[in-house]
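Numbering (our numbering), first residue to last: 692 to 1022.
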């Protein structure tokens, strides 16, 4: 029979051997040890040259996601500097610390978990862990449609709808205030109606999550061409119709040479294109119905050849008269 004293001695020898093996493993993995390690005093640490690494992403209020590439360092131990990517299962594995489930955890919580693991294994005393996110392929929302610079927008911390739209360059003049958001994991998209006053958009300014797809649809437009002061496209508002009188006013009014009785609306209908004639003067005097325009309508105000010739002739006569009186000099 082995005495109890001998048994206790054997147990002490085993514990000492296990601790020595752990320290030898750490020394082999990390090279020279610093003062944080248990065991003999360290030898002089050879200065390490500076490294060029990607700039870490902002970490305020950031949580880790699958696919994130992280760099883990311990202050005072330059040999412990590893890059590791969070796997699809939401975990990563670090040398000496083992496998840790980190997806959904904050940066600070993950640093504490790594430090706790190293202390529990009696490998490092009071480790100061720093974790940086170098790449985050899944931390983006996508903005498409009527924005000035459509594409992916990085999401970190707390990003709201107006922040993301601003990062996409803002809305175009033809953007609709009705936005559609497709969210990862949700089968039904939801819609947001932006108010005309940005100061009143508190409830609509929702939090945007990584993976969201924000679609800004195009607002309908009406085209006005011909004898008007400003030809071009006029945006339609979603909450109020656009009529002929309003369209002509937005185009700066009709010119003198306009053929008022020959104007028409060119409309694309399911059965094909059709022309809807109207008299400009009669509409302005409310003798004809002020028609409501539809998206993609083309309002054409033709030019009267007689009026155009008369306008050109009058200008020629006026020029000749002013020249003969000496007010103009012929070049």
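Beta carbons are placed, not taken as given, at the ideal position from N, Cα and C, and that holds for glycine.
Excluding five sequence positions before and after residue 861, the CB atoms of its chain that fall closer than 6 Å to its own CB belong to 839, given in chain order. Cβ contact annotation for residue 830 (same chain, cutoff 7 Å, sequence separation greater than five): 756, 845, 846, 847 and 901, in chain order. Counting only the Cα atoms, residue 925 lies some 19 Å from residue 967. In this structure, 986 is the residue among 801, 986 and 851 with its C-alpha nearest to the C-alpha of residue 909. In terms of Cα proximity to residue 788, the closest of 767, 766, 778 and 811 is 811.
In this structure, residue 992 and residue 918 form a Cβ contact; the two beta carbons are roughly 5 Å apart against a cut-off of 8 Å. Here residue 867 carries a strand assignment [DSSP, helix/strand/coil]. In summary, residue 990 is buried, with 16 or more beta-carbon neighbours lying within 10 Å of its beta-carbon over all protein chains present. Under the criterion of beta carbons closer than 8 Å, residue 804 and residue 814 do not qualify as touching, at roughly 15 Å.
In the three-state DSSP reduction, residue 801 falls in the helix class (H, G or I). The beta carbon of residue 998 lies closer than 7 Å to those of 947 and 948 in the same chain, with the five residues before and after it left out. The shortest C-alpha to C-alpha distance from residue 960 to any of 826, 799 and 988 is the one to 988.
Rounded to whole angstroms, the separation of the alpha carbons of residue 954 and residue 920 is 15 Å. For residue 937, the enclosing alpha helix (DSSP H) stretches over residues 935-941. Residue pairing of residue 782 in beta bridges, as defined by DSSP: 792. If you draw a straight line from the Cα of residue 913 to the Cα of residue 833, it is about 29 Å long. Excluding residues up to 5 positions away in sequence, 761, 763, 798, 801 and 802 lie with their Cβ nearer than 6 Å to the Cβ of residue 822 in the same chain.
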